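There are 2 protein chains.
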Amino acid sequence: MSESEISRRGVLSSALWAGIGGVAVGAATGGGAAWAMAASTPPSDDQIDLSRSYPFYGQNHQGGVATEPQRNAVYMTFRFADSADRHALQSLLARWSAAAAVLQQGKPIGSVQPGVEVQPPTDTGEAFGLSPASLTITVGLGPSVFGPRFGLASKKPALFSELPTLNGDFLDPRLTGGDLSVQACADDPQVCYHAVRNLARLGRSIVSPHWAVLGFGRASAGPGQSTPRNLLGFKDGTRNISSPADYDRFVWIKGGDQPWLEGGTYQVARKIRQLLETWDSDRVGNQQQIIGRHKESGAPLTGSAEFDTPDFGAKSGAGDPVIDPLSHVALAAHENNGGIMIRRRSYNYTDGLDPTGQLNAGLLFISYQNDPRHFIDIQNRLGAHDLLNEYIRHIGSAIFAVPPAPEEGHYLAQGLF
Amino acid sequence: MSESEISRRGVLSSALWAGIGGVAVGAATGGGAAWAMAASTPPSDDQIDLSRSYPFYGQNHQGGVATEPQRNAVYMTFRFADSADRHALQSLLARWSAAAAVLQQGKPIGSVQPGVEVQPPTDTGEAFGLSPASLTITVGLGPSVFGPRFGLASKKPALFSELPTLNGDFLDPRLTGGDLSVQACADDPQVCYHAVRNLARLGRSIVSPHWAVLGFGRASAGPGQSTPRNLLGFKDGTRNISSPADYDRFVWIKGGDQPWLEGGTYQVARKIRQLLETWDSDRVGNQQQIIGRHKESGAPLTGSAEFDTPDFGAKSGAGDPVIDPLSHVALAAHENNGGIMIRRRSYNYTDGLDPTGQLNAGLLFISYQNDPRHFIDIQNRLGAHDLLNEYIRHIGSAIFAVPPAPEEGHYLAQGLF
Numbered sequence: 001m002s003e004s005e006i007s008r009r010g011v012l013s014s015a016l017w018a019g020i021g022g023v024a025v026g027a028a029t030g031g032g033a034a035w036a037m038a039a040s041t042p043p044s045d046d047q048i049d050l051s052r053s054y055p056f057y058g059q060n061h062q063g064g065v066a067t068e069p070q071r072n073a074v075y076m077t078f079r080f081a082d083s084a085d086r087h088a089l090q091s092l093l094a095r096w097s098a099a100a101a102v103l104q105q106g107k108p109i110g111s112v113q114p115g116v117e118v119q120p121p122t123d124t125g126e127a128f129g130l131s132p133a134s135l136t137i138t139v140g141l142g143p144s145v146f147g148p149r150f151g152l153a154s155k156k157p158a159l160f161s162e163l164p165t166l167n168g169d170f171l172d173p174r175l176t177g178g179d180l181s182v183q184a185c186a187d188d189p190q191v192c193y194h195a196v197r198n199l200a201r202l203g204r205s206i207v208s209p210h211w212a213v214l215g216f217g218r219a220s221a222g223p224g225q226s227t228p229r230n231l232l233g234f235k236d237g238t239r240n241i242s243s244p245a246d247y248d249r250f251v252w253i254k255g256g257d258q259p260w261l262e263g264g265t266y267q268v269a270r271k272i273r274q275l276l277e278t279w280d281s282d283r284v285g286n287q288q289q290i291i292g293r294h295k296e297s298g299a300p301l302t303g304s305a306e307f308d309t310p311d312f313g314a315k316s317g318a319g320d321p322v323i324d325p326l327s328h329v330a331l332a333a334h335e336n337n338g339g340i341m342i343r344r345r346s347y348n349y350t351d352g353l354d355p356t357g358q359l360n361a362g363l364l365f366i367s368y369q370n371d372p373r374h375f376i377d378i379q380n381r382l383g384a385h386d387l388l389n390e391y392i393r394h395i396g397s398a399i400f401a402v403p404p405a406p407e408e409g410h411y412l413a414q415g416l417f
Numbered sequence: 001m002s003e004s005e006i007s008r009r010g011v012l013s014s015a016l017w018a019g020i021g022g023v024a025v026g027a028a029t030g031g032g033a034a035w036a037m038a039a040s041t042p043p044s045d046d047q048i049d050l051s052r053s054y055p056f057y058g059q060n061h062q063g064g065v066a067t068e069p070q071r072n073a074v075y076m077t078f079r080f081a082d083s084a085d086r087h088a089l090q091s092l093l094a095r096w097s098a099a100a101a102v103l104q105q106g107k108p109i110g111s112v113q114p115g116v117e118v119q120p121p122t123d124t125g126e127a128f129g130l131s132p133a134s135l136t137i138t139v140g141l142g143p144s145v146f147g148p149r150f151g152l153a154s155k156k157p158a159l160f161s162e163l164p165t166l167n168g169d170f171l172d173p174r175l176t177g178g179d180l181s182v183q184a185c186a187d188d189p190q191v192c193y194h195a196v197r198n199l200a201r202l203g204r205s206i207v208s209p210h211w212a213v214l215g216f217g218r219a220s221a222g223p224g225q226s227t228p229r230n231l232l233g234f235k236d237g238t239r240n241i242s243s244p245a246d247y248d249r250f251v252w253i254k255g256g257d258q259p260w261l262e263g264g265t266y267q268v269a270r271k272i273r274q275l276l277e278t279w280d281s282d283r284v285g286n287q288q289q290i291i292g293r294h295k296e297s298g299a300p301l302t303g304s305a306e307f308d309t310p311d312f313g314a315k316s317g318a319g320d321p322v323i324d325p326l327s328h329v330a331l332a333a334h335e336n337n338g339g340i341m342i343r344r345r346s347y348n349y350t351d352g353l354d355p356t357g358q359l360n361a362g363l364l365f366i367s368y369q370n371d372p373r374h375f376i377d378i379q380n381r382l383g384a385h386d387l388l389n390e391y392i393r394h395i396g397s398a399i400f401a402v403p404p405a406p407e408e409g410h411y412l413a414q415g416l417f
């Protein structure tokens, strides 16, 4: 098993980190002693190691779902050209697979030097010399893939269709839908952007970009990393899926009606504008009531530490619930949603200023689940009742089926064809 | 001299890096031997240490000019409210100075916990728990500061006024000008955004945001870092100012007509859209002719290594210049501009897609010089002749006077009042 494979699975990760650190120290000092010492020393949260890479092939599941969240993301959806046919789609998925495997190794696609130059270069070049930076590329297929155009209607999973209108939707059609999606996550924004740009370029006769978001999180890193904060200033993702059992139960598709999607999942992407000036004018006590957690520590209002289990039954001396039943954490909690959990991978975004000079920023919310109804049900409750709704707008939305990772020599969603 | 001061001045920086690395290793293993070993070991380009901080006070010059470029930037310009008067401006500069000093230490401004909560919190909270990440905050004053409003006309430097229309300008008024500017650079985008957002919030009765850009560079780090690449895929900044003598000659203001600006500089910001799809359709050989450098190595077309000095007189066997006199490197070179150099600090940006589905991305170009005519002259030549003009559009522009850093107990531009 390679270092990358170990890392990919998120096990023994501190050993991996130590190993990489040891290589660097050992190489620079020429001494084996440094290696041995560093081998027991995972880096602090203040260090990022960009040399880590994840393999693309043979991982059962695509990366970027269970992968320890990287610090940056570029997310793009695509629309088919009118001329795109079944063969073109098949060819695109094969080319994207091959390119993704190379990009995740930190290498350019195609040759770099002009040599006998008869056409533009394959790779756009802005990542030459950069490290893999834990890049993962995650490709999704929209519901339109199973429309009449490609003759794939029989391969459509019964659970899969465009999202219905949900409570609280405030969607901009320019930020909604898409025939294909690419999520590129890495610890270097330039690596993310390069990956998506080059996949767009490889596909330009078949698909054109539809909408895109550049997402960022905090840069502190390492296994045991602290939960990132959204631009509301609150920790976001504390009660996320993390155990293999929960991934099997809630994320990975198993025993579905479409063999090609076994080991895959469904991706929901929402662009959520946050009305930061309004939020910032609110007292912390009110903000905490809306979220149901303490701002600095992230602890539920019924607890003292971030990972304390919220006690939704706890009452104050006056007999009121300590955690408001309409708070964000209460409405989203699996205890209050029939036990359902979704895997969230959210990134902050900023689009600068809006035409009125307000901060145009928010959250790129991406969730993974093996049944789209899980997201739909949770979001319908949140959209109807969440105290937070006064401060947010769901302006973009899309859903995609994410096939499993291919084996080497194969390509994404090959079972469709 | 503190660690940070050493780093701030860009000298002995590998010793500093080693020191920080040593702290981490030593603390984790409890051993002094690790420190001693690490002390001779700067981290590789693949490691970022987020614990580094720069002091705000007593540095002669503001940070973010000569500071080793951090990986991320948020740049925002502001407009005065109609009600802003001299006292309000003075008060704002004092509050921004105090806040900048705290933010650069990685601390929130004001208290966090609600306690006796009578008003919204001072700090918006999204950087709680994050490291300083080498944050520098650089504040600039626009030409309008010396208009009639503030009674500061007598303090206006003779060299300082709005930029004239320059060759190649394609400016969008929504991205042009500003009364004040804030440049926040750090190795964590969340730290940058938090800083600018909180300064905007502190100033909201006096100034409102006018335009803003989120900039990014490659994440690989460390002293001796390789030159970053722009989204054209070329190294950008190879022939930048780096020696103290050149800073004194070309960047820092000395012996000017305004004592309050001694040790300061002028900041020019340009938002430059790059037409990436057009660029990407060009052959590498043509791209190299346009830039005057090899794409992968960054070497001039007359050399073999990045830092080789371009030979603008060299001819090919056919008698043509090897470096086209209208190439970007030839027109920008100090050899062809009367010896003039400017300090550049550029970041890539992306605004997603434009309404036609093209990549909406480019370069946030920021330069520092002790005479605005240096930028004007170079840009006028480039704007008139640069082969690159077919692929770029200067869509945003502004100029600011950057006062020196205050001593502790003082504030930015205090000499104005």
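If you read the protein sequences in the order shown, they are chains A and B. All residue numbers for the first sequence refer to full-length UniProt numbering, where the first residue is 1 and numbers rise by one. All residue numbers for the second sequence refer to full-length UniProt numbering, where the first residue is 1 and numbers rise by one. For every residue, glycine included, the Cβ atom is placed at its ideal position computed from N, Cα and C. Everything numeric in this text was worked out from a predicted model, so none of it was measured.
{"Query": "Reduced DSSP category for D351 (chain A) - H, G, I as helix; E, B as strand; rest coil", "Result": "strand"}
{"Query": "Proximity test, Cβ basis, 9 Å: V268 (chain B) and chain A", "Result": "no"}
{"Query": "Straight-line Cα distance separating K254 (chain B) from P223 (chain A)", "Result": "Caution applies to P223 (chain A), whose pLDDT of 46 falls short of 50 and renders its modelled position unreliable; the model cannot decide the point."}
{"Query": "Residues of its chain near E407 (chain B), where Cβ-Cβ distance is below 7 Å and the 5 sequence neighbours each way are ignored", "Result": "Y57 and G58"}
{"Query": "The stretch 338 to 351 of chain A contacting the stretch 366 to 377 of chain A, beta-carbon criterion three pairs below 8 Å", "Result": "yes"}
{"Query": "Reference A405 (chain B); option with closest CA among B:E126, B:T136, B:G129 and B:H87", "Result": "B:T136"}
{"Query": "Within chain A, the residues that E68 (chain B) reaches when beta carbons sit closer than 7 Å", "Result": "Neighbours of E68 (chain B) on chain A: none; closest Cβ ~16 Å, over 7 Å."}
{"Query": "Residues of the stretch 295 to 318 of chain A with Cβ closer than 7 Å to any Cβ of chain B, in chain order", "Result": "K295 and E296"}
{"Query": "Interface partners of N240 (chain B) on chain A, CB under 8 Å", "Result": "Those within 8 Å of N240 (chain B) in chain A number zero; the least Cβ separation is about 17 Å."}
{"Query": "Chain-ordered chain B contacts of L412 (chain A) [CB-CB under 7 Å]", "Result": "Under the 7 Å cutoff, chain B gives no residues; its nearest Cβ is about 23 Å from L412 (chain A)."}
{"Query": "For S327 (chain B): DSSP bridge partner residues", "Result": "For S327 (chain B), which the question treats as bridged, DSSP gives no partner whatsoever."}
{"Query": "Residues bridged to F400 (chain B) (per DSSP)", "Result": "B:Q267"}
{"Query": "As assigned by DSSP and simplified to three states, the class of F160 (chain B)", "Result": "coil"}
{"Query": "Chain-order list of residues whose beta-carbon lies under 6 Å from that of P69 (chain B) (same chain, five-residue window excluded)", "Result": "R345"}
{"Query": "Min CB distance P114 (chain B) to chain A below 9 Å", "Result": "Note that P114 (chain B) scores a pLDDT of 49, beneath 50, so its modelled location is shaky and nothing firm can be said."}
{"Query": "Cβ-based burial, N198 (chain A) [other Cβ within 10 Å; buried from 16]", "Result": "buried"}
{"Query": "Where the alpha helix (DSSP H) through T278 (chain B) begins and ends", "Result": "L276 to D280"}
{"Query": "F234 (chain A) at chain E interface by Cβ criterion, 9 Å", "Result": "No chain E is part of this structure, whose protein chains are labelled A and B."}
{"Query": "Where Q119 (chain B) meets chain A, residues with beta-carbon distance less than 9 Å", "Result": "R283"}
{"Query": "For G203 (chain B), the nearest candidate out of B:L353, B:V284, B:D169 and B:A100 (CA to CA)", "Result": "B:A100"}
{"Query": "Candidates B:G415, B:I399, B:A413 and B:L103: closest to L175 (chain B) by CA position", "Result": "B:I399"}
{"Query": "Exposed unless 16 or more other CB atoms sit within 10 angstroms - verdict on S2 (chain B)", "Result": "Unreliable positioning characterises S2 (chain B) in this predicted model, as indicated by a pLDDT of 41, which lies under 50. The coordinate reading is nonetheless provided below. Exposed."}
{"Query": "Beta carbon of D188 (chain A) nearer than 9 Å to that of S144 (chain A)", "Result": "no"}
{"Query": "Exposure label - E126 (chain B); buried when at least 16 CB within 10 Å", "Result": "buried"}
{"Query": "First through last residue of the beta strand (DSSP E) which encompasses W211 (chain A)", "Result": "V207 to F216"}
{"Query": "Exposure label - H394 (chain A); buried when at least 16 CB within 10 Å", "Result": "buried"}
{"Query": "Partners in chain A for V322 (chain B), counting only beta-carbon separations shorter than 8 Å", "Result": "Correct list: empty, because the minimum Cβ distance to chain A is about 15 Å."}
{"Query": "Pair within 9 Å by beta-carbon distance, T165 (chain B) and Q267 (chain B)", "Result": "no"}
{"Query": "Per DSSP, the bridge partner or partners of H394 (chain B)", "Result": "B:D169 and B:I272"}
{"Query": "For A184 (chain A), the three-state DSSP class (helix, strand or coil)", "Result": "strand"}
{"Query": "Contact between the stretch 236 to 256 of chain A and the stretch 370 to 378 of chain A (3+ Cβ pairs under 8 Å)", "Result": "yes"}
{"Query": "Among B:Q379, B:V402, B:G415 and B:M76, nearest to F170 (chain B) - alpha-carbon criterion", "Result": "B:Q379"}
{"Query": "Cβ-based neighbour list, I290 (chain B), same chain, cut-off 7 Å, excluding 5 preceding and 5 following", "Result": "S327, H328, L387 and L388"}
{"Query": "C-alpha distance - G168 (chain B) paired with L382 (chain B), whole-angstrom precision", "Result": "8 Å"}
{"Query": "Residue range of the alpha helix (DSSP H) that includes G285 (chain B)", "Result": "V284 to I291"}
{"Query": "Nearest-angstrom Cβ-Cβ length linking L141 (chain A) and A413 (chain A), presumed shorter than 8 Å", "Result": "6 Å"}
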